[in-house]
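Colleague:
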């Protein structure tokens, strides 16, 4: 079985930290089956961006970076045309034999290849990572395009049960076509480490509760709710470190200043993925107060490090935090409930080894094995 792994979100030299788990997923699959990565890169003729080489080899895995013309957002109905054209030109030049097109994003990846694949007799498997990946809040005409794309796919992988039922109810997908496969974690990087030594390395307080939040500073992550919840705590406030960058940086810092809680919530800024294991090891817990999610990899990472998680009942999070031994869940945007969860996470004694043993079950190798099973079903 020869597989093309197609994703415009795959990390490259111009955007090395685009979606780090895409690389982990591809590497795990490549260890099971013959696989080539096609990771198209957009460009605009009058804008100078750092572009990767057209071909590179990562861990003995061939990765191709064909180019396609970027169009502005207001030309949404036309944006898949340059991508489709790029794909056909790449196909004519490459002339490789594939049995499966594995597309990691529905738009533009699946839009571009499903009809082409049917003409060539190639099976297609698409992955839906979250509401944003299917443009859930788009107009009805756009939703119709997604329904057509889902209908053309042979199999669909979703990262949560919530997404599965959303596709069934709102996108007319049959239950038999859908497989739920949660994301994974690199269990060699994310392990239990000494908390005090980790804090010393980062220069964090050696005493007291420390929480971390690893998230893009954007609307769907609900970080304003976290700030209000910390401000709402009467005593024993943890020191919260927010790791990440995004469009709401100034607004969130302004909110921290308004509540005068800069001593308790600190905006660290962007942190490389290589540093995340150390931050998690230095913490007592992870907090992710999102109002929308797919299957957040950072929760997998925190669990593998033996850290309990405070989060919300959205996306795959209830599929991950299935027991209060591993963390606490509250409704999204509920300041009072999140404040109570922060108090509880600090007052409880958590079994670090039990949490880590649970979290380290979710390996990328297991994700790959489940994905190959879906490929086999698509080929039948």
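Numbering (the working numbering), first residue to last: 451 to 830. Cβ atoms here follow ideal geometry from the backbone N, Cα and C, with glycine treated the same way. Computed from a prediction, not measured in an experiment: that's the story for all the values here.
1) To which residues of the same chain is residue 587 closer than 8 Å at the C-beta, ignoring the five residues directly before and after it?
2) How long is the line joining the alpha carbons of residue 678 and residue 597, rounded to whole angstroms?
3) Considering only residues of the same chain and omitting the five flanking positions on each side of residue 699, which have a CB-CB separation below 6 Å?
4) Determine, using beta-carbon pairs with one atom in the stretch 635-653 and one in the stretch 741-758, whether at least three such pairs fall under 8 Å.
5) Helix, strand or coil for residue 691? Go by DSSP, reduced to three states.
6) Should residue 456 go down as buried or exposed, given a rule of 16 or more other Cβ atoms within 10 Å for buried?
7) When burial is assigned at 16 or more other CB atoms within 10 Å of the CB, is residue 715 buried or exposed?
8) Which of the three DSSP states, helix, strand or coil, is assigned to residue 825?
9) Note down the Cα distance separating residue 808 from residue 817, rounded to an integer number of angstroms.
10) In the DSSP output, which residue or residues are listed as bridge partners for residue 553?
11) How big is the Cα-Cα spacing for residue 459 and residue 684?
12) Just verifying my parser: in three-state terms, what is the DSSP assignment at residue 753?
13) Taking the alpha-carbon positions, what's the residue 624 to residue 733 distance?
14) With DSSP as the reference, identify every bridge partner of residue 517, one or two as the case may be.
15) If we count the other Cβ atoms within 10 Å of its Cβ and call it buried at 16 or more, is residue 494 buried or exposed?
16) Would residue 690 and residue 661 qualify as a contact pair, given that the criterion is a beta-carbon distance under 8 Å?
17) DSSP three-state label for residue 597, please.
18) Report the option in 774, 821 and 822 whose CA atom is closest to the CA atom of residue 805.
19) Measure from the C-beta of residue 666 to each C-beta in chain B and report whether the shortest distance is under 8 Å.
20) Give the single residue among 746, 599, 578 and 548 whose Cα lies nearest to the Cα of residue 769.
21) Within this structure, are the beta carbons of residue 702 and residue 738 separated by less than 8 Å?
22) Please look up how many angstroms separate the CB atoms of residue 533 and residue 454, rounded, as I've assumed it's under 8 Å.
23) One question on the structure: do residue 761 and residue 777 come within less than 8 Å of each other, judged by their Cβ atoms?
24) Measure the C-alpha to C-alpha separation of residue 830 and residue 574 and round it to an integer number of angstroms.
25) In the DSSP output, what is residue 780 paired with across the bridge?
26) Helix, strand or coil: which one does DSSP assign to residue 528?
27) Here's the rule I'm using: 16 or more other beta-carbon atoms within 10 Å means buried, otherwise exposed. How should residue 755 be labelled?
28) Look at the Cβ atom of residue 785, then the Cβ atom of residue 706, and state whether they are nearer than 8 Å.
29) Exposed or buried, what is residue 798 when buried is set at 16 or more other beta-carbons lying within 10 Å of its beta-carbon?
30) Compute the Euclidean distance between the alpha carbons of residue 604 and residue 627, then round it to the nearest angstrom.
31) Can you give me the Cβ contacts of residue 568 inside the same chain, cut-off strictly under 6 Å, excluding the 5 residues immediately before and after it?
32) Under the rule that 16 or more other beta-carbon atoms within 10 Å means buried, what is residue 671, buried or exposed?
33) Which two residues bound the contiguous beta strand (DSSP E) that contains residue 605?
34) For a minimum of 3 consecutive residues, which ranges assigned as the beta strand (DSSP E) are wholly contained in the stretch 609-673?
Modeller: In short, the structure shows the following:
1) Low per-residue confidence applies at residue 587: pLDDT is 45, beneath 50, and the placement is therefore not dependable, though the value from the model is reported in the following sentence. So the list reads 581, once near-sequence residues are dropped.
2) 39 Å
3) 667
4) yes
5) strand
6) buried
7) Its Cβ being crowded by 16 or more others within 10 Å, residue 715 is buried.
8) helix
9) 15 Å
10) In DSSP, residue 553 forms a bridge with 456 and 576.
11) Taking C-alpha positions only, residue 459 is separated from residue 684 by approximately 43 Å.
12) helix
13) CA-CA distance, residue 624 to residue 733, rounds to 43 Å.
14) 491
15) exposed
16) yes
17) helix
18) 774
19) Of the chains in the structure shown, none is chain B; there is only one protein chain.
20) 746
21) no
22) Rounded, the Cβ-Cβ distance is 15 Å, inconsistent with contact.
23) Yes, the pair counts as a contact, with Cβ atoms nearer than the cut-off.
24) 12 Å
25) 762
26) helix
27) buried
28) At least 8 Å separates the beta-carbon of residue 785 from that of residue 706.
29) exposed
30) 7 Å
31) none
32) By the 10 Å Cβ count, residue 671 comes out buried.
33) 605-608
34) With a minimum length of 3 residues, the continuous beta strand (DSSP E) runs that stay inside the stretch 609-673 are 628-630 and 660-664.
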